[in-house]
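Q: Below are the structure tokens for one structure; questions will follow.
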Amino acid sequence: MTESLTTTTSQTTTYARDGMWRPTQVTHPDNNAVVQTWDDNGNLTSLTPPGKPAHTFGYDDLDRRTSYDPPDLDPAPNQFRTLWAMDADRRLDNLTDPTCASEGLCE
13 MTESLTTTTS QTTTYARDGM WRPTQVTHPD NNAVVQTWDD NGNLTSLTPP
63 GKPAHTFGYD DLDRRTSYDP PDLDPAPNQF RTLWAMDADR RLDNLTDPTC
113 ASEGLCE
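Right, here's the structure in full:
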């Protein structure tokens, strides 16, 4: 399903959506597109900017986000990977972030 929005200056943005009405592609007036993919539970699994590699997201069986992997733009793969661990009440239990010196809850 697609829909378009045209401004008063004739700039058109087109939105493609899946059967659950989630955006799968947004095409801007300059014809550059942002692509999004979703899993069966409605979790965003990847986001791809125009002309760039995808950002990916991981989830556990309870649909809690567990990882974010930006594209490898540097020779050191996964250097910017962020991991989350949640407790049974969906509270953040552990965070591994590239800006923290070690694993644990970053402050």
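The numbering used here applies: residue 13 is where the sequence shown begins, and numbers increase by one. Built from N, CA and C at the ideal position, the CB exists for glycine as well. Predicted model, so just to flag it, every value in this text is computed and none were measured.
1) What is the residue span of the beta strand (DSSP E) that glutamine 2 lies within?
2) Across which residues does DSSP place glycine 70 in a beta bridge pair?
3) Where DSSP assigns a beta bridge to proline 35, which residues make up the other side?
4) Nearest-angstrom Cα distance between leucine 59 and tryptophan 50?
5) For methionine 13, which three-state DSSP category applies?
6) Answer yes or no: does any C-beta atom of chain B fall closer than 9 Å to that of proline 61?
7) Check each candidate in Asp75, Ser79 and Pro83 and name the one with the smallest Cα separation from alanine 100.
8) Let me know the secondary structure DSSP gives glycine 54 once reduced to three states.
9) Which of helix, strand or coil does DSSP assign to alanine 97?
10) CB glutamine 37 to CB glutamine 23, shorter than 9 Å?
11) By how many angstroms is the C-alpha of threonine 68 removed from the C-alpha of glycine 31?
A: Here's the rundown:
1) This structure leaves residue 2 out entirely; the chain is present only between 13 and 119.
2) Ser79
3) Arg29
4) 9 Å
5) coil
6) Of the chains in the structure shown, none is chain B; there is only one protein chain.
7) Asp75
8) coil
9) strand
10) no
11) 21 Å
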